[in-house]
Every structure is written in structure tokens, then in C-alpha cells.
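Number of protein chains: 2
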Amino acid sequence: MRLYSIEMTLSEEDYIKAIYHLSQIDSKSVATNAIAEQMKTKPSSVTDMIKKLSKKSLVNYKKYQGVSLSEEGRMVALSIIRKHRLWEVFMVNKLNFSWDEVHVVAEQLEHIKSDTLIDRLDAHLGFPKVDPHGDPIPTKEGTFKKSVKKLISELPILSEGVCIGVNDSSAAFLKFLDKNKIALGDTFKILDREDFDGSVSISTRVGTIRISEQIASNLYLEIRDAE
Amino acid sequence: MRLYSIEMTLSEEDYIKAIYHLSQIDSKSVATNAIAEQMKTKPSSVTDMIKKLSKKSLVNYKKYQGVSLSEEGRMVALSIIRKHRLWEVFMVNKLNFSWDEVHVVAEQLEHIKSDTLIDRLDAHLGFPKVDPHGDPIPTKEGTFKKSVKKLISELPILSEGVCIGVNDSSAAFLKFLDKNKIALGDTFKILDREDFDGSVSISTRVGTIRISEQIASNLYLEIRDAE
DNA sequence: ACTATTATTTAGTTTTATCTAAATTAATTT
DNA sequence: AAATTAATTTAGATAAAACTAAATAATAGT
Ligand SMILES: [Mn+2]
Ligand SMILES: [Mn+2]
Ligand SMILES: [Mn+2]
Ligand SMILES: [Mn+2]
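The listed protein sequences correspond, in order, to chains A and B.
122 is the number that my numbering gives to position 122 of the first sequence; each next residue is one higher, with no gaps.
65 is the number that my numbering gives to position 65 of the second sequence; each next residue is one higher, with no gaps.
Structure (C-alpha cells):
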């Protein structure tokens, strides 16, 4: 993960990260419009930036064919994600933030340039493996356990797993979870799914409850014994 | 110190901080060239930025007359300095950095925008009053104990005080201090000064030593019982 | 008071990251 | 296969922050 420290602007870093995340969803090459939407900018701006990143050989690009990260680009993405998630752990574990408050600030902190800083922060936090949302933290070398988390709405009946994250971290949703005694770290089993409305019956630590499709598509489980 | 959160770029913040520091040295209005030197930029760039800051009424400016910070400008400066110094304390106290390593990274961290973050960091660090170099940390409200630190070279004979900071934080100088058993927190008394070369005789915790003018003009003492 | 020197500002460019509007290519329908 | 629609790129503009070179104002020396 060291490479030879390519100089990158904040903007370039955010684009690289966006491309990484989009290519996770849909492993093929990433569309210009998708990047524009993610970055809340215009497709023409994306094209400009893609050309720049391509010149730096951080992405593979052919006109009208979309982009994918090069190996260097992937490493840059992982190093930014590593920083983002370590700062999130710091804010939650050391500064008593709650998990829904940290993302915006981590968006800024992830751009601080200092390898020493991030190494020592990692040590200070006890080398955490996941961030407060349950997402894995890449190592310095750019390796990390591939996420095995899936949305409840995507899992087959009888799946069992630990609740490790949410999609929607709005205050309203978090309040709902609290009220229904659903918390990070709880183990759930999917008992049944209603084809009609997609609602799901799950067993939790307080008994069996039924959740709507909307809720099920916002809760991630980590599946046991996955590779 | 809250004001109504003026939007400021990183560059504007660094200029405001530079103007603040320069006006501390020499309380009058600050010269364009002095800012250019401090910021390692050209006078013409400084003029451009001054006009911008003046439009935002963060500085008082009349052509050819130099600039001074407005009251808002002073508050902005103090809030950046507060952040800079708190991050320095964090790196030294929590991440085991040494005091000569933290400044460059703090130059970046001071620009992170989050009032909550800095408040919680302050609490996490136990509301420190000084940074690792002995410089005072402004409060949220923009008040702080006026520095009573003086260079040994500027103090009269028989002054006594606690060593709280250095001017030159090069590795070579810090090594020298270590070798001579001079550390932050030690109490020194100035016994004698040689007019010929400005060298000074001081009593330290390991006995009496003689230091050159060059060393004396790099060590700050905090004088006891000053207001 | 005049001149030389220094400090500061202005004018005109450059680079980076945006944007809008127009042109082009790709994909979908009929 | 032609026409329509959608996606993408190009062209041209703008704003921020820098620069160089030239002009102007302030200061100092005689
Ligand atoms: Mn970011
Ligand atoms: Mn996260
Ligand atoms: Mn800075
Ligand atoms: Mn300091």
C-alpha cells in the first residue's frame, strides 16, 4: 500500500473512491453518469476528471466504454477507505460519537496525508478490523476480508447472521431499530418471507418479529462461516 | 467563537492565521511582503487574497497601508489556532508522536470543519491549556492566557522560569537539548550573561551550564507569577 | 526637493475544477 | 434499418488561487 506516494488532490481522491464503490456494486466498468450521480456533479465534469485520472494511469478508460480502476487506482481507493474507516472508529470509540454522526466528518479526515499518523491511529485503536457500520477496514497492504454482508431482503430463508450494518442511517430509522430492540451485534435468523409484500419474519434476541420489505432492505447481516 | 460560521477555504484560513501570527510579533498593521514571505508566495498573490478577505470583512485594508485583522478575523484565527494546537496535543499525548513531528500534520488537521469534533477532542484530551510546544490553547470563546513566555536571550539576569518551548524544532537542536539534559518542564535560573558574545550561564536540574546566544534565542521560559 | 530604492498593486496568464449547451456515439424501439 | 432516446464527449466559460512582468506609490538618501 505504500507505492511511491502519488500526489493527489482531494477531488481526485473522492472520484477514485466513488469509482471503487460503484464497481463493487456492479463489477463491470463504471458508467460516467453513475459517477456523476454519486459525486453530485455533471457528466461532463466526470469526463474531464476521468481523462486526468487516466493520464495518471489510475483508471482504465476508453471513450464511451466506461472506466475501471487500475491496480494502482485500487490501492489508492483502499488507502482512502482505510483512513475513512479508522477515523470513524476513532470518533465512535474514543470521542463517543454515535455511528450515524461520523460519516460526514470522516469524508474530510480521510484526505489527511500522513502515513505515520494513520499507522499510529490504527495502533491507538487496537488494530480494529471493522468500522462502526460493520464495514471491513483494509490493511496497509490493501488486503481485507471481502465483505460477506448481505441485506436481509437479499438472503434466502433460514439464513442466519449477525447484524452488522445499515443502509439508511437516518435518525428515524435508528429510532425504529431501538424501539424494536435491534442493535449491531445481534444474531438473527430469517424464518419466512411473504412473497406478496416482501415482508420477512425473523427471530431476534427478544423473540420473533415481522419486518417490512423496506426495513429488510436496510439491514445488513454478516453470514457465518462464509469464506 | 461560534459567529455564524463563515465559509472559508483552506487557503483563506492559512492567510488569516499568518496575518494573526505576524501581528503578534509587531502589533501594527502587517505588510504585504511579510505575508508573502510567511506564506511562501508572491506579494501579488497576497494582494489578491487581501482584497478577498477585505470583502468578507475579515481584515481591515487600505491600499499601501498594510492589513490588520478585524474582530471577526481575529476570531477565525483563534479558532484555527485552537484546532491546530489541540490536534498537536492529541498526536503527542495519545499517539506518541514527539513534539517536533506534529506541526506539519496539524497544518492539515486544523482545517477540518466540525465544531462537535473539536469540542469532543478537547474533552477527550482533558481540556489542555497548552500545546506540546508550550503555546496556549484558545478557548471556544476565543480567550486564552496571554503568553508570558520569553526567550532566554530576552530575559534579564536572575530571571527564573519553566522551559516551555523552542523556536527551532530541528532534529539537530532537539538532539542538543537532549544531550544537555534540557527538557520541557525543567526550571531554569539565568545566572549571568556575557556581553561580548551573548552567551548565558544558567542553572539547570543537573548543575550550571553555559549556553551560546544562538541556543538562548531558541529556548522559551514561562515566567513565574506573571499576570 | 530630487533621485534611487523598496514595497505594493495592476494587468495579463496559467492550472484546476467546475458548469452549460451543443455535438456525437450507443442503445432501444418501431 | 431507420428513428428515437439515452449516454457520453467536446467546446467554450467561469471562479479560485497561483504566477510573471510592468506600473505605481511610499520611503530613504543625498
Ligand atoms: Mn472525502
Ligand atoms: Mn463507515
Ligand atoms: Mn494549514
Ligand atoms: Mn504548536
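The beta carbon of each residue, even a glycine, is placed where N, CA and C say it ideally should be.
8 angstroms Cβ cutoff met for residue i and residue j
i, j, result
"residue 158 (chain B)", "residue 118 (chain B)", "no"
"residue 53 (chain B)", "residue 7 (chain B)", "no"
"residue 35 (chain A)", "residue 19 (chain A)", "yes"
"residue 177 (chain A)", "residue 183 (chain A)", "yes"
"residue 222 (chain A)", "residue 134 (chain A)", "yes"
"residue 78 (chain B)", "residue 121 (chain B)", "no"
"residue 131 (chain B)", "residue 88 (chain B)", "yes"
"residue 145 (chain A)", "residue 165 (chain A)", "no"
"residue 142 (chain A)", "residue 162 (chain A)", "no"
"residue 57 (chain A)", "residue 72 (chain A)", "yes"
"residue 203 (chain A)", "residue 210 (chain A)", "no"
"residue 91 (chain B)", "residue 76 (chain B)", "no"
"residue 167 (chain A)", "residue 218 (chain A)", "yes"
"residue 124 (chain B)", "residue 83 (chain A)", "no"
"residue 129 (chain B)", "residue 136 (chain B)", "yes"
"residue 100 (chain B)", "residue 199 (chain B)", "no"
"residue 197 (chain B)", "residue 213 (chain B)", "yes"
"residue 151 (chain A)", "residue 61 (chain A)", "no"
Interface residues of chain B facing residue i [CB-CB closer than 8 angstroms]
i, result
"residue 96 (chain A)", "120"
"residue 150 (chain A)", "Result: empty, since nearest Cβ-Cβ is about 32 angstroms, beyond 8 angstroms."
"residue 124 (chain A)", "94 and 95"
"residue 78 (chain A)", "In chain order: nothing, as chain B lies at least about 21 angstroms away."
Bounding residues of the alpha helix (DSSP H) (the contiguous stretch that carries residue i)
i, result
"residue 112 (chain B)", "Segment: none, residue 112 (chain B) is in no alpha helix (DSSP H) and carries neither H nor E."
"residue 54 (chain B)", "43-55"
"residue 37 (chain B)", "32-38"
"residue 213 (chain B)", "213-216"
Contacts of residue i in chain A (Cβ-Cβ under 9 angstroms)
i, result
"residue 112 (chain B)", "105, 108, 109 and 112"
"residue 158 (chain B)", "Within 9 angstroms Cβ-Cβ: nothing; residue 158 (chain B) doesn't reach chain A, min ~43 angstroms."
"residue 69 (chain B)", "Chain A residues near residue 69 (chain B): none, gap ~25 angstroms exceeds 9 angstroms."
Endpoints, the beta strand (DSSP E) within which residue i is located
i, result
"residue 13 (chain B)", "Here residue 13 (chain B) belongs to no beta strand (DSSP E); instead the alpha helix (DSSP H) covers 10-25."
"residue 200 (chain A)", "200-204"
"residue 223 (chain A)", "219-223"
Amino acids of chain B, ordered along the chain, whose beta-carbon sits closer than 9 angstroms to that of residue i
i, result
"residue 86 (chain A)", "Going along chain B, no residue has its Cβ under 9 angstroms from residue 86 (chain A), so there is no contact; the nearest lies around 12 angstroms."
"residue 155 (chain A)", "Per Cβ cutoff of 9 angstroms: no residues; residue 155 (chain A) is ~36 angstroms from chain B at best."
"residue 219 (chain A)", "Simply none; closest approach about 27 angstroms."
Under 8 angstroms from the C-beta of residue i: neighbouring residues of chain A
i, result
"residue 174 (chain B)", "Within 8 angstroms Cβ-Cβ: nothing; residue 174 (chain B) doesn't reach chain A, min ~17 angstroms."
"residue 58 (chain B)", "Here the premise fails: no neighbours, minimum Cβ distance about 22 angstroms."
"residue 191 (chain B)", "Ordered by position in chain A, no residue passes the 8 angstroms Cβ test against residue 191 (chain B), which lies about 40 angstroms from the chain."
"residue 53 (chain B)", "The contacting residues do not exist; residue 53 (chain B) stays about 22 angstroms from chain A at best."
Closer than 7 angstroms at the beta carbon, the chain B residues around residue i
i, result
"residue 22 (chain A)", "Neighbours of residue 22 (chain A) on chain B: none; closest Cβ ~26 angstroms, over 7 angstroms."
Enumerate, from N- to C-terminal direction, the unbroken alpha helix (DSSP H) stretches of 4 or more residues contained entirely within the stretch 127-197 of chain A.
171-179
Closer than 8 angstroms is the cut-off here; do at least three beta carbon pairs connect the stretch 148-155 of chain B with the stretch 105-115 of chain B?
no
For the structure I just gave you, are there three or more beta carbon pairs, one from the stretch 59-68 of chain B and one from the stretch 21-30 of chain B, closer than 8 angstroms?
yes
Hey, which unbroken runs of the beta strand (DSSP E) at 3 residues or more fall wholly within the stretch 54-104 of chain A?
59-61 and 67-69
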